[in-house]
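608 is the number that my numbering gives the last residue of the sequence shown; the numbers go up by one with no jumps.
Just so you know, even glycine gets a beta-carbon here, dropped at the ideal spot from N, CA and C.
Heads up, the thing below is written out as structure tokens.
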Amino acid sequence: MNSILSTLLSLVSIISPCIVFGTCCFLLAKKQAVEAILMTIGSGIGLLVTLFYSVLMPLLISGQHLAYTEVSRYYSVIGIISFIASMCFASGFFILVYNTVKKNKIIHDQFPKSND
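So this is what it looks like as structure tokens:
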């Protein structure tokens with residue numbers, strides 16, 4: 493019973509990465525651009541990393557009785573993969589914000605200013 497409860501509580505941390513990944517997939521379906529692709533790749537890998545950290549790694553540690561050095565090696569490799577995924581998402585998000593601000597500035601400058 494305790495194992496089932498701890499597994500369910502570990503799944504709570506997957507909710508927000510699932511929402512972010514779903515939103516990025518929606519953006520990619522509506523607008524196939526570089527920023528949408530980067531954000532989808534970054535959030536997808538981030539979701540997989542979250543699944544690995546919260547579900548697979550505890551099962552692997554308890555089932556295989558891994559030594560600390562092996563566990564730290566797994567965490568180091570996954571940490572590097574997570575960093576690359578975060579950089580993909582951040583660069584896609586930056587491009588999206590930059591293009592949105594640039595687009596709004598162009599639209600704003602098209603209207604004449606009143607001299608009242």
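In this structure, Ser546 sits near Ile506, with a CB-CB distance shorter than 8 Å. Between Val526 and Ala577, the C-beta spacing is not below 8 Å. In this structure Leu539 touches Phe513 by the C-beta definition: roughly 5 Å separates them, less than 8 Å.
Take the alpha-carbon of Pro550 and the one of Pro509: they are about 19 Å apart.
With respect to the C-alpha of Thr532, the residue from Ile572, Ala582 and Gln556 having the closest C-alpha is Ala582.
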